[in-house]
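Novice: Residue numbers (our numbering): 222 to 526.
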């Protein structure tokens, strides 16, 4: 059971509503478009890997209810291996309602908190890790992720971290960061963890935890990467943005796809930037994820400036 890229962590069910305007109290607001689909940071990253054409797996716990079955089926339909998913009765999955303001593109999230138990290292999950090249995680189950990262390290497996929960990392004394080889953060994570005056100082402080690759995504401004002790900035591709939901998740998954294929760091960043840009042309975290052929054609025809 060899899956080169595997992920563990957040899987949710998304209800996306594109609105004529943002609702206030005692108002009626029109819905232009509605989409329902699976979501979640790591789960969507694995869907991106699968759609790009690489074998992958997602493992974790889901509540065995109607939404949990939809989340699971969404992964299966995309070709993501789910042998390491446990369906547990009596718990609740996260359902995320995403309100998209068509006037300015802003997003507002309404979500309940899932309550599934910690992710244990069962035999099948250990087997998935032992046969993988990369295991990706998002810190959603922090203590579980620390144990999983430690096990992966023992087995010589690369650990990738979607670092977007800065307060949680700081509160846990940054125990996960030193276990990670690839760290891709959201824009505010470095400051929340390191507390320095600017992005470059914060990224250099983060690098002291030992990751081999350190990138911070900056939305429409692209991303920054630490290369040879210097911060380099890379632009975002220009597209007609419809919805940015899941763009970061898709960036992570497509970066790992490119990394696993042996591309250089700059090539990985370019490929991931293109994939995330294409995703943003459709509503939802998964609707717009392209194939590898579509990404390569996009790169040929769109300037990266």
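Think of the CB as a built atom: it goes at the ideal place given N, C-alpha and C, for glycine as much as any other residue.
Quick caveat: nothing in here was measured; it's all calculated off a predicted structure.
Helix, strand or coil: how does DSSP classify residue 501 here?
Specialist: Three-state DSSP puts residue 501 in coil, outside helix and strand.
Novice: Which residue wins for smallest C-alpha separation from residue 308, given the options 517, 338, 245 and 344?
Specialist: The residue with the shortest Cα to Cα distance from residue 308 is 338.
Novice: Quick check: the Cα distance between residue 497 and residue 341, rounded to an integer number of angstroms?
Specialist: If you take the alpha carbons of residue 497 and residue 341, they lie about 31 Å apart.
Novice: Between the Cα of residue 240 and those of 514, 417 and 318, spot the shortest distance and give me the residue it belongs to.
Specialist: That would be 318, whose Cα lies nearest to the Cα of residue 240.
Novice: Looking at the strands, I want to know which residues DSSP matches up with residue 235.
Specialist: Residue 235 is bridged to 258 and 317.
Novice: Hey, which unbroken runs of the alpha helix (DSSP H) at 4 residues or more fall wholly within the stretch 363-438?
Specialist: The qualifying runs are 363-375, 387-392, 410-415 and 420-428.
Novice: Enumerated in chain order, which unbroken segments of the alpha helix (DSSP H) with a length of 4 residues or greater are wholly contained in the stretch 327-362?
Specialist: Within the stretch 327-362, the complete alpha helix (DSSP H) runs of at least 4 residues are 344-351.
Novice: Can you give me the Cβ contacts of residue 261 inside the same chain, cut-off strictly under 6 Å, excluding the 5 residues immediately before and after it?
Specialist: Here the set comprises 231, 232 and 233.
Novice: Out of 368, 250, 248 and 299, point me to the one whose CA is closest to residue 264's CA.
Specialist: The residue with the shortest Cα to Cα distance from residue 264 is 299.
Novice: Could you tell me the distance, in whole angstroms, from the CA atom of residue 500 to the CA atom of residue 485?
Specialist: Their Cα atoms are separated by approximately 23 Å.
Novice: So residue 289 is in the alpha helix (DSSP H); what residue range does that whole segment cover?
Specialist: Unbroken alpha helix (DSSP H) run through residue 289: 287-298.
Novice: Can you give the beta carbon distance from residue 242 to residue 506, rounded, assuming they're within the 8 Å contact cut?
Specialist: Going by Cβ atoms, the distance from residue 242 to residue 506 rounds to 23 Å, so no, they are not a contact pair.
Novice: For the alpha helix (DSSP H) that residue 527 lies in, which residues bound it at each end?
Specialist: Shown here, the chain extends from 222 to 526; a query on residue 527 therefore has no answer.
Novice: Just the Cα atoms here: how many angstroms apart are residue 291 and residue 330?
Specialist: Roughly 20 Å between the two C-alpha positions.
Novice: With a threshold of 7 Å on Cβ separation, who are the neighbours of residue 295 within its own chain once the five nearest residues in sequence on each side are excluded?
Specialist: Result list for residue 295: 258 and 259, in chain order.
Novice: Can you give me the start and stop residues for the beta strand (DSSP E) that residue 186 sits inside?
Specialist: Because the chain is modelled from 222 through 526, residue 186 falls outside the range shown and cannot be assessed.
Novice: Any idea if residue 346 is buried or exposed, counting beta-carbon neighbours within 10 angstroms, 16 or more meaning buried?
Specialist: Burial call: buried.
Novice: So, residue 474 versus residue 266, is the Cβ gap smaller than 7 Å?
Specialist: Yes.
Novice: Residue range of the beta strand (DSSP E) that residue 280 falls in?
Specialist: That run of the beta strand (DSSP E) goes 277-284.
Novice: If you draw a straight line from the C-alpha of residue 416 to the C-alpha of residue 222, how long is it?
Specialist: Distance between the alpha carbons of residue 416 and residue 222 is about 43 Å.
Novice: Taking 7 Å as the threshold (C-beta atoms), are residue 438 and residue 387 in contact?
Specialist: Taking 7 Å as the Cβ cut-off, residue 387 and residue 438 do not qualify as a contacting pair.
Novice: Between residue 382 and residue 401, how many whole angstroms is the CB-CB distance? I'm expecting something under 8 Å.
Specialist: Sure, about 4 Å apart at Cβ, within 8 Å.
Novice: Starting from residue 306, trace the beta strand (DSSP E) both ways and give me its first and last residue.
Specialist: 306-309 is the span of the beta strand (DSSP E), which, as asked, contains residue 306.
Novice: Would you kindly check if the distance between the Cβ of residue 471 and the Cβ of residue 269 is under 7 Å?
Specialist: Result yes, Cβ atoms of residue 269 and residue 471 sit closer than 7 Å.
Novice: From residue 464 to residue 493, what does the alpha carbon distance come to, in whole angstroms?
Specialist: Using only the alpha carbons, I get a separation of about 17 Å.
Novice: Taking C-alpha atoms, which residue in 459, 405, 483 and 253 lies nearest to residue 323?
Specialist: Nearest C-alpha to residue 323: 253.
Novice: According to DSSP, residue 229 sits in a beta bridge with which residue or residues?
Specialist: For residue 229, which the question treats as bridged, DSSP gives the partners 280 and 358.
Novice: Kindly indicate which residue of 249, 335 and 393 has the alpha-carbon position closest to the one of residue 288.
Specialist: Nearest C-alpha to residue 288: 335.
Novice: Please report the distance separating the alpha-carbon of residue 321 from that of residue 286.
Specialist: Taking the straight line from one Cα to the other gives about 27 Å.
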